[in-house]
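Chains as they are written, first to last, in this note's numbering: chain H, 1 to 332; chain E, 1001 to 1210.
The block underneath contains the structure these notes are about, expressed in structure tokens.
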């Protein structure tokens, strides 16, 4: 009986995390379209509900009631599995994100590696979708996307090493606590910029949205998908974007810590600060989408391998030498 | 404890079944997917025995990078369309004896290896390394890897580097007549070089040199 109740407690905790994440994914789609529209002097979605807030709900309903079309020549099992994998992986990574002191679903020792592993698995949703569609545009989109994600993961990994050198632990809560005196965005500012750009590429956001470049590839790997399966790809993509924003705010912007460590600011619960930082990064994502033209594919690869990778490697050496010379290496 | 055992058996069952499916399944892309499933369940097993760092690295390196390359190669080769009928067709049946000999050799080697396997009663106490149980996986790995075994670690890094250079040298070929763009040239282009404003006389036109 005790065992069962503990299981129920865990399920309750998971739902308490999952439902807000799903709702905020729907809201973030609205915010994205709204910011995009305001940059272009349009109104954006403003009809359904107050300020158009319920637009995503309406879209979701539309997707649910649409017919799911499975191409006759596709590999059906993998075709159906692909959006499921994308969405599951995007949601599963939220388990280790700390929303406050000891407010975390799974406080594991290798939290950052877990997030890195899950985000590197995200490639499979796209490759499977592209391959199983058995059509040229999805396949080209999938190959592009996989190459892009694998290349930018390398530089993200090395940027994470930079942060870990200053922390001395792979636990996400430890990473946040280590920023109590100074957020890592100040000493590691160049790395923050590179991380931001790499996370744009990692989540296939514009200007790096080559996998779904509509002018040449229709919709990339999503071309053959319809109805709920398309919506799942879409939800997974936005959940991934939110996750990268959360990761950025945990690694560089001090996670749940308040910007000023004084009385009235520390009253605000940590989760609010974290959500505020995530929103800030997401609005930056949306502004980039609205202002920057799409990269060419060879330029994208050159940026990843020839500029970001050496830069972040040099910065690792710099950080390590600085910490070693001034005897600041974390010891625990 | 029962839940632990149940999960252990689930993961090991998935690992074994998917490992069999890698060799059995007719579609090559499917077998790569089964290989990925195998890697994932083995990393779950690693995490279950407390080797969380190894499990995560297994996921990142093998599933996140190596298997993606496997998939790339297999998808590009387009072997998925080939009907796997080498057992029945006439011309390729001469490979079967060679394959049989090799597989029986490997089978006997495995029997010899597993037959000589000794289970140590307690692996942790028998090791002569000074590991404290307080430290996390990552810390203790780092403390051993970068102190006692630094030379072996660096030599393995060297071997990886050499094999990387070797792979690049083997596949690199200089091609003639490939047009390349110079980014510096593109960026440093000025308006005055790109655009020229002309007064065009009527019915005369302008000669464009190209």
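Think of the CB as a built atom: it goes at the ideal place given N, C-alpha and C, for glycine as much as any other residue.
Classify residue 1046/E as buried or exposed, calling it buried when 16 or more other Cβ atoms lie within 10 Å of its own Cβ.
Classification of residue 1046/E: buried, given that the 10 Å Cβ count is 16 or more.
Cβ-based neighbour list, residue 1080/E, same chain, cut-off 7 Å, excluding 5 preceding and 5 following
In this predicted model, residue 1080/E has a pLDDT of only 48, less than 50, meaning its place in the structure is not dependable; the value taken from the coordinates is given anyway. Cβ neighbours of residue 1080/E beyond the five flanking positions: 1027, 1028 and 1029.
Span separating the alpha-carbon of residue 1205/E from that of residue 1191/E
23 Å
Would a check of beta-carbon distances place residue 1138/E closer than 9 Å to chain H?
yes
CB contact below 9 Å: residue 121/H versus chain E:
yes
Comparing the C-beta of residue 170/H with each C-beta of chain E, is any distance below 9 Å?
yes
Segment contact, 8 Å Cβ cut-off, at least three pairs: the segment 50–66 of chain H with the segment 108–127 of chain H
no
Output needed for residue 184/H: all residues of its chain with C-beta closer than 7 Å, excluding positions within five of it in sequence on either side, in chain order.
163, 166, 251 and 252
Give the residues of chain E in contact with residue 114/H, contact being defined as C-beta atoms less than 9 Å apart.
1052, 1056 and 1059
Tell me, to the nearest whole angstrom, how far the beta carbon of residue 232/H is from that of residue 202/H; I am working on the premise that it is less than 8 Å.
Their Cβ separation, rounded to whole angstroms, is 19 Å, which puts residue 232/H and residue 202/H out of contact at 8 Å.
Give me the residue from 290/H, 187/H, 81/H and 280/H with the minimum Cα distance to residue 205/H.
Its Cα nearest to that of residue 205/H, the residue 290/H stands out among 290/H, 187/H, 81/H and 280/H.
Closer than 9 Å to chain H by CB, residue 1169/E
no
Report all residues from its chain with a CB closer than 8 Å to the CB of residue 43/H; omit the five preceding and five following residues, and keep chain order.
37
Check each candidate in 316/H, 287/H and 177/H and name the one with the smallest Cα separation from residue 40/H.
287/H
At a Cβ threshold of 9 Å, is residue 195/H touching chain E?
Taking CB atoms only, residue 195/H has no neighbour in chain E less than 9 Å away.
Would residue 249/H be called buried (16 or more neighbouring beta carbons within 10 Å of its own) or exposed?
buried
Near-chain H residues of the segment 1007–1034 of chain E (beta-carbon distance less than 9 Å), N- to C-terminal order:
Residues of the segment 1007–1034 of chain E with a C-beta atom less than 9 Å from some C-beta of chain H are 1027, 1029, 1030 and 1033, listed in chain order.
Using the Cβ count rule (16 or more neighbours within 10 Å means buried), how would you classify residue 1182/E?
exposed
Residue 43/H in three-state terms, based on DSSP:
coil
Give me the chain H residues within the contact set of residue 964/E, using Cβ-Cβ distance strictly less than 7 Å, ordered along the chain.
Residue coverage of chain E in this structure runs from 1001 to 1210, which leaves residue 964/E outside it and unanswerable.
Straight-line gap, residue 1004/E to residue 1049/E (C-alpha atoms, nearest Å):
10 Å
Please determine, among 1201/E, 1060/E, 1002/E and 1015/E, the residue with the shortest C-alpha to C-alpha distance to residue 149/H.
1060/E
With residue 179/H and residue 254/H assumed to form a contact (beta carbons below 8 Å), what rounded beta-carbon distance in angstroms separates them?
4 Å
Helix, strand or coil, according to DSSP, for residue 1053/E in the structure here?
helix
Checking contacts by CB at 9 Å: is residue 1183/E closer than that to chain H?
At least one C-beta of chain H is nearer than 9 Å to the C-beta of residue 1183/E.
Neighbourhood of residue 1053/E by C-beta distance below 7 Å, restricted to the same chain and skipping five residues each side
1137, 1138 and 1141, listed in sequence order.
Taking all protein chains shown into account, do 16 or more other C-beta atoms lie within 10 angstroms of the C-beta of residue 277/H, making it buried, or fewer, making it exposed?
Flag for residue 277/H reads buried.
Mapping the DSSP letters down to three states, classify residue 53/H as helix, strand or coil.
coil
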